[in-house]
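Using my numbering, read the sequence shown as starting at 4 and increasing by one per residue. Virtual Cβ for every residue (Gly too), placed ideally from N, Cα, C. This one's a predicted model, so the numbers in the text were calculated from it and none came from an experiment. In what follows, a single structure is set out as structure tokens and then discussed.
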Amino acid sequence: MTAPAAPPPGAPGAPVVLAADGLVKDFRAPGGPGRRRGVLHAVRGVSLELAAGEIVALVGESGSGKSTLARLLSGLERPTGGQILLRGRPVQVARGRDYRAYKRSVQMIFQDPFSSLNPAHTVRYHLSRPVSIHQAPGSRAAMDAALAGLLQQVHLTPAADFLAKYPHELSGGQRQRVAIARALAARPQVLLADEPVSMLDVSLRLGVLNLLAELCAAQRLGILYITHDIASARYFAGTILVMQAGSVVEAGPAEQVTQSPAHPYTRQLIASAPDPDRALAGSDGGTSDGGTTAGGISNGGTSVWGNRPSPPPALGATR
Ligand SMILES: Nc1ncnc2c1ncn2[C@@H]1O[C@H](COP(=O)(O)OP(=O)(O)OP(=O)(O)O)[C@@H](O)[C@H]1O
Ligand SMILES: [Mg+2]
Numbered sequence: 004m005t006a007p008a009a010p011p012p013g014a015p016g017a018p019v020v021l022a023a024d025g026l027v028k029d030f031r032a033p034g035g036p037g038r039r040r041g042v043l044h045a046v047r048g049v050s051l052e053l054a055a056g057e058i059v060a061l062v063g064e065s066g067s068g069k070s071t072l073a074r075l076l077s078g079l080e081r082p083t084g085g086q087i088l089l090r091g092r093p094v095q096v097a098r099g100r101d102y103r104a105y106k107r108s109v110q111m112i113f114q115d116p117f118s119s120l121n122p123a124h125t126v127r128y129h130l131s132r133p134v135s136i137h138q139a140p141g142s143r144a145a146m147d148a149a150l151a152g153l154l155q156q157v158h159l160t161p162a163a164d165f166l167a168k169y170p171h172e173l174s175g176g177q178r179q180r181v182a183i184a185r186a187l188a189a190r191p192q193v194l195l196a197d198e199p200v201s202m203l204d205v206s207l208r209l210g211v212l213n214l215l216a217e218l219c220a221a222q223r224l225g226i227l228y229i230t231h232d233i234a235s236a237r238y239f240a241g242t243i244l245v246m247q248a249g250s251v252v253e254a255g256p257a258e259q260v261t262q263s264p265a266h267p268y269t270r271q272l273i274a275s276a277p278d279p280d281r282a283l284a285g286s287d288g289g290t291s292d293g294g295t296t297a298g299g300i301s302n303g304g305t306s307v308w309g310n311r312p313s314p315p316p317a318l319g320a321t322r
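Shown next, in the form of structure tokens:
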């Protein structure tokens, strides 16, 4: 597979498909010895916009509220406050035709493709159900064509080689591709990808991220890419939002946020990002003053993710 061109930063002029306006989520914090029950403010008034054909990265440390925000946006959790808009229309009720359309339009990709697929069922089973629900194929032949089309979109070909397989017969990357195909069966407008590659072998990560970038560009999907890894965010996303303790503390074009970070927390994230340049220099016994600094992520040519807009070759593209 050749690496797709990364989508343009911010996809200027593209319509906003999904927006959050002041989203809030509070949880009841459990009490404990010497601790009273209280309120945990997981998401504190977050607003964002996701346009068609745009990848927005949401970066932050563990517990900063990234998954909670994704669960709110996907309708898996109800917000304590604020609202979600799909193509400008507020999504308010957890039922009705509008809400069903919203649930179909906004699909989640989870971190662990092994637990999101049922080990007792084949790839055909996993994909047939959403195809039946969302595409209503009128015949066995139409179903087979739809399944083959989905597998083709995620580069699992020939389809016949994969349809009868069980999750344990696939690599981690292939399992995540099946999960992505299942999400695509709903013909969504938005993918919320919550750390979609962090559980994959390092050699498979780039292939899956390149696939998401390709789908974003080809199908004009809006993609929210959640990650701890600000270096991958810089490579794959046009826009980066930095989240800390439930709030977005910095947002802007990926280049700007990573090369001229304004917030101390963003600088901290960049400084703690693994730096392949420095690691390579270190393994030679040498020192490097290049690479990641508090002022920005390395511009060196040996980065795992490379520099936009020249994506590095896909590694292990279909594994
Ligand atoms: N259902 C829940 N009930 C109570 N507290 C919750 C619930 N879900 C999340 N939290 C809390 O909300 C905060 C944010 O959690 P969240 O999972 O959104 O963080 P995250 O940024 O996704 O972290 P990670 O990077 O580890 O996945 C955490 O303190 C977490 O313990
Ligand atoms: Mg999370």
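### Message
What I want to know is whether the C-beta of residue 70 ends up closer than 7 Å to one or more non-hydrogen atoms of ligand 2.
### Response
yes
### Query
On the three-state DSSP scale, how would you describe residue 271?
helix
### Message
Measuring only from the beta carbon, is residue 67 closer than 7 Å to any heavy atom that is part of ligand 1?
### Response
yes
### Task
Compute the minimum distance between the beta carbon of residue 197 and the heavy atoms of ligand 2, and state whether it is under 7 Å.
yes
### Message
Here's a check: name, in chain order, each residue in its chain whose Cβ is nearer than 6 Å to the Cβ of residue 19, leaving out the five neighbours to either side.
### Response
52, 54
### Coarse secondary structure for residue 212, derived from DSSP in three states
helix
### Query
When you compare only the Cα positions, how much space is there between residue 16 and residue 101?
25 Å
### Query
Buried or exposed: residue 287, going by 16 or more other Cβ atoms within 10 Å of its Cβ?
Bear in mind that the predicted position of residue 287 carries a pLDDT of just 34, short of 50, making it unreliable; the figure below should be weighed with that in mind. The residue is exposed, with fewer than 16 neighbouring Cβ atoms inside 10 Å.
### Message
Following a CB-centred definition, is residue 63 positioned closer than 7 Å to any heavy atom of ligand 1?
### Response
yes
### Query
With distances taken between CB atoms, is the gap from residue 175 to residue 122 smaller than 8 Å?
no
### Task
Kindly indicate the opening and closing residues of the alpha helix (DSSP H) around residue 114.
Looking at the DSSP string, residue 114 is not in any alpha helix (DSSP H), and its letter there is neither H nor E.
### Query
For the alpha helix (DSSP H) that contains residue 260, what are its first and last residues?
257-262
### Query
How would you call residue 295, buried or exposed, if buried means at least 16 neighbouring beta carbons within 10 angstroms?
With a pLDDT of 37 at residue 295, under the threshold of 50, the modelled position of this residue cannot be trusted; read the value that follows with caution. Counting Cβ neighbours within 10 Å, residue 295 comes out buried, since at least 16 surround it.
### Task
Helix, strand or coil for residue 69, going by three-state DSSP, please let me know.
helix
### Query
Hey, is residue 30 close to ligand 1, as in C-beta under 7 Å from one of its heavy atoms?
yes
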